[in-house]
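This report concerns only the one structure given below.
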DNA sequence: GCGCCTTGCGTAATCGTTTACTCACAATGC
DNA sequence: GCATTGTGAGTAAACGATTACGCAAGGCGC
């Protein structure tokens, strides 16, 4: 039961070669005969030998591991991105360490510290910070920032949030809305700001004045959004459309409207953002702006791999913008 | 920019002590004076030195890291468990590597291999396998199996699924249902089987015959569940209650019923399982059996920590059963 | 037959820690 | 005053891999 873990030395002894040869065979580095290879592989197989990746990392100074930091893994949008990242980077031989920052800067820093101490080769980061300069003063690991765009971020993968905001608002306008409530996240992430810009842009394009009182803030939760919309709809009876910062909030808005006896989409039309699963399941199904989580993973992995390869040279920062699209359902 | 990473040797030199002392100070192992401690800590602070955890793990043969394997991180129930595990184990100084097995046995094995190679100290595992004997022949790491109960699992943390099935069914019976459809997951995990046992048990307790044609299988997805229920409700007009294997399926069932013009809960009553967020948001809100994800994390961490501490001695397998509770909402 | 390349291996240094031994010195007990 | 104990440190040997370097033997061209 308590068998000592085998090391390369054991394998070398058991197969009558040197440990250098064993290493070469395991890494397929050449300089050995077919015959020895077979013998050694045989011994490895039979003995159940397991390479010690810690030793390997120590020696080679690469860990074949990346860190992924997300604000909340129970948020379906983030979970889907994580899944996509794993899907694209595992075939390249990397392991992923997922960290949940719980939207807290200090936890975020703690995670970065341990990731650095573990010697991860790179990080994909959905950061809660407004400015990430401190992080880069602290550690020098390739980082790709995704979804949100903090100050001093190098490489980036973000959705085209402004266009998203524009498409949503334009859609509402074309459907006849003239008094469109914009329900935005209280936090001022770039995602939020850009969606607002799109909202304003659409108004300009269609020669509608932007009424600042129609831009309302709430927490990023169903409950808070519902509360805020209940309030606002009672204060302002002219509202005929709502564009929400994300689908959870949109759901809150939807239910607030229904609770007040509004008919959806006749009295009020609603558009969300993200295109998570509930949007198809809720009643009525929610019109929304789809973000391509698969492409998020794919692009960020692509860029990170490139950065890690060129680690020594100063890599150039890359920015990838992921297109969004309007998905029309029943709330508009 | 390209500063060489500092090691303990550098710190030792810079502060004029030996590297042993530096190590002792970092690990607070005693055998140094307050005075030297201050000096060394100062140097460390100023130089931005980062401990190399790979070297440490290599030397000590423990990695302060655990692996968590889940079938699908985008499933809110699993994501919440992961979050809870992190919450309870991070304060103990452990990092978590989350692996998504995508419900595939081979991916599961691949993950276990890398986790073993990385030298994780323990694993918390929601396994897709029916039997995990092979795994334990392969590696000898403490593992706590949670949620599902495979054959040859050692330590376990599972919900009281049978009681859950019983409570759900009893509730339906008490509300007047006599022809209760049980919509079960196609896969035959222990969770599924036990919920069925509860369903049968409640029938017996209330002297109702179990009609096998009322036990219907479907994939664990909204769409598949909806499809199956649409079909079944058209075939059998006598059905007046539905107990579903999880909330996503229950939502499918709910919408199938609504689509057929049934009034909920007047014509048909529905109960789900898990208590994920949508159950409160959907329309009408779903009665369900709540699983305590927080306790799942807490218990499994507790047991795993114990197993890791007693690694050398043969630890005794522990089984923790998490209580479930009925949450009554509007579908019943 | 001589130089030179290639192939197939082995030797030993190295990565950054931890820790078992030392050891000097001071304090304490009797 | 002498044995004992405790304190603050240093030396060096691991941990398990990778890899630069060395070397022998065989093949090849000329």
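Chains as they are written, first to last, in my numbering: chain D, 20 to 351; chain A, 20 to 351.
Note that CB positions come from ideal geometry on N, CA and C, so glycine has one too.
In this structure the segment 269 to 284 of chain D touches the segment 235 to 254 of chain D; the number of beta carbon pairs closer than 8 Å is three or more. Rounded to whole angstroms, the gap between the alpha carbons of residue 136/D and residue 73/A is 8 Å. In terms of CA proximity to residue 113/D, 81/D leads the group 219/D, 81/D, 197/D.
Residue range 241 to 254 is occupied by the alpha helix (DSSP H) that includes residue 254/A, with no beta strand (DSSP E) assigned at that position.
Taken in chain order, the members of the segment 277 to 301 of chain D whose beta-carbon sits within less than 9 Å of a beta-carbon on chain A are 277, 296, 297, 299, 300, 301. Identification of chain A residues near residue 102/D by a Cβ-Cβ cut-off of 7 Å yields 92, 93, 119, ordered along the chain. Cα atoms of residue 138/D and residue 165/D: separation of roughly 21 Å, rounded to the nearest angstrom.
Residue 225/A and residue 192/A have their C-alpha atoms some 8 Å from each other. Contacts with chain A at 8 Å (Cβ-Cβ) do not include residue 125/D. DSSP places residue 309/A within a strand segment (E or B) once states are collapsed to three. Runs of the alpha helix (DSSP H) lying entirely within the segment 177 to 221 of chain D, each at least 4 residues long, are 180 to 193 in chain order. Counting every other CB atom within 10 Å of its CB across the protein chains shown gives residue 310/D a total of 16 or more, marking it as buried.
By a beta-carbon distance limit of 8 Å, residue 289/A does not contact residue 314/A. Their separation comes to about 26 Å.
In this structure, residue 88/A places its C-beta atom within 8 Å of the C-beta atom of residue 144/A. Under a 10 Å Cβ-count criterion, residue 75/D is classified as buried, with 16 or more other Cβ atoms of the shown protein chains found around its own Cβ. With the criterion set as a beta carbon lying under 8 Å from some beta carbon of chain A, the members of the segment 60 to 78 of chain D are 67, 69, 70, 71, 72, 73, 74, 76, 77, in sequence order. When only Cα atoms are considered, residue 308/A and residue 213/A end up about 14 Å apart. Among the CB atoms of chain D, one or more fall inside 8 Å of the CB of residue 137/A. Using a Cβ-Cβ cut-off of 7 Å, residue 308/A is close to nothing in chain D; its nearest Cβ partner there is about 19 Å away. Under the DSSP definition of a beta bridge, residue 345/D partners with 308/D. Annotation: Cβ neighbours of residue 116/A in chain D (cutoff 7 Å, chain order): 114, 116.
Under a criterion of Cβ atoms nearer than 9 Å, no residue of chain D is adjacent to residue 56/A; the nearest Cβ is some 21 Å distant.
Secondary structure at residue 158/A: coil, using DSSP grouped into helix, strand and coil.
Only buried fits residue 203/D, as 16 or more other CB atoms lie within 10 angstroms of its CB. Between the beta-carbon of residue 62/D and that of residue 34/D there is about 4 Å, and that keeps the pair under the 8 Å contact cut. Burial is judged here by how many other beta carbons sit within 10 angstroms of a residue's own beta carbon; residue 293/A has at least 16 and is buried. At a C-beta separation below 7 Å, residue 99/A has these neighbours in chain D: 93. Take residue 130/D, set aside five residues on each side of it, and the residues of its chain with a beta-carbon closer than 8 Å to its own are 86, 88, 118, 120, in chain order. Listed by position along chain D, the residues whose Cβ is nearer than 8 Å to that of residue 82/A are 73. In this structure, the CA atom of residue 97/A is about 20 Å from the CA atom of residue 241/D. Secondary structure remark: continuous beta strand (DSSP E) runs of at least 3 residues inside the segment 106 to 140 of chain A, in chain order: 114 to 119. Residue burial annotation: residue 57/D is exposed, with fewer than 16 other C-beta atoms found within 10 angstroms of its C-beta. Residue 227/A sits in coil when the DSSP states are folded into three classes, being neither helix nor strand. Considering only 195/D, 100/D, 134/D, 349/D, the residue with the shortest C-alpha distance to residue 83/D is 134/D.
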